[in-house]
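Here the structure is laid out as structure tokens; the discussion comes afterwards.
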Amino acid sequence: MLFHYDGNVDGWWDLSWSKKAIHIVAQNQTKWWFAKRFLHPAVVSRYDYIFLWDEDLGVENFHPGRYLKIVKSEELEISQPALDPNSTGESGMLEVVQSVQRTARGHHAQGKFVEGMAPVFSRSAWHCAWHLIQNDLVHGWGMDMKLGYCALGDRTANVGIVDSEYVVHQGLPTLGGKSARKIRRQSTSELQIFKERWEQAVKNDRNWVDPFQKKRRLTRQRNLRLHI
């Protein structure tokens, strides 16, 4: 499925697979806007994994079969390939997870930062992540920091980067030529709104317990006992 933010559908017909894909056009929209409207969990439930990638990724050295084999063996619910160190562009808001290093048949799966440019969700994780997307917050800033809640358990184990498969972030300007300053201003504003909505939702749901906050408290208490 291709989401066209620039209206350029004809530019893709030279690719053999393009005629088999679904093309959706909406001028100057973002991938999170498209995802919220066209990737409802029920619509994509036949797929085991959802790749929600930017269009400025170089994939010449990426092998999806090998990647998914590692993701499955490591039981990663949310993941991404590594970024080539020569990649350009900025990371944006990141989901911070503790480092987890394990070996998967000679390949490395390391939990660190899953970025918004190339996330891969399991079916179950996408069901959760889709509900995090706000209809009116099209840039998705702030979501990255909460994706760990969709990891179906320990986010230090179920969220990770597959180091042996990598892509290149080319950092191309997008969104139909909108000024970078305007986009940054809107994204920053959306981040603040998202944070406020999250805090209000937590406040309103008195039965919800933050599993990660509880874990941090237990860790601090254990460290205090050891210190004493």
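Numbering of the sequence shown is given in the working numbering, commencing with residue 398 and proceeding in unit increments.
We put the CB at the ideal spot given by N, CA and C, even for glycine.
Since this is a predicted model, take the numbers as computed values, not measurements.
query: Given 8 Å, three or more beta-carbon pairs between the stretch 447-461 and the stretch 532-544; result: no
query: The stretch 426-444 in contact with the stretch 512-532 per 3-pair CB rule at 8 Å; result: yes
query: Residue span of the beta strand (DSSP E) that contains A479, given as start and end; result: I475 to L480
query: Meets three-Cβ-pair contact criterion under 8 Å: the stretch 548-565 and the stretch 591-601; result: no
query: Helix, strand or coil at V599 [DSSP, three-state]; result: helix
query: Option nearest G568 by Cα separation, candidates V511, A577, S442 and A439; result: A577
query: Euclidean distance between Cα positions of R463 and I558; result: 13 Å
query: Status (buried if at least 16 other CB within 10 Å, exposed otherwise) for S496; result: At S496 the pLDDT is 32, less than 50, meaning the model places this residue with poor confidence and gives no usable figure here.
query: Segment contact, 8 Å Cβ cut-off, at least three pairs: the stretch 579-595 with the stretch 466-481; result: no
query: Spatial distance of T500 from D403 (CA atoms); result: In this predicted model, T500 has a pLDDT of only 34, less than 50, meaning its place in the structure is not dependable enough to derive any value.
query: Whole-angstrom distance between H524 and V441, CA atom to CA atom; result: 10 Å
query: Under the three-state DSSP convention, the category W410 falls into; result: coil
query: Identity of the residue in Y563, S561, E512 and I419 nearest M343 by Cα; result: The requested residue 343 is not part of the displayed model; the chain covers only 398 to 625.
query: Cβ neighbour criterion (16 or more within 10 Å) applied to G408; result: exposed
query: According to DSSP, residues forming a beta bridge with V517; result: F448 and S476
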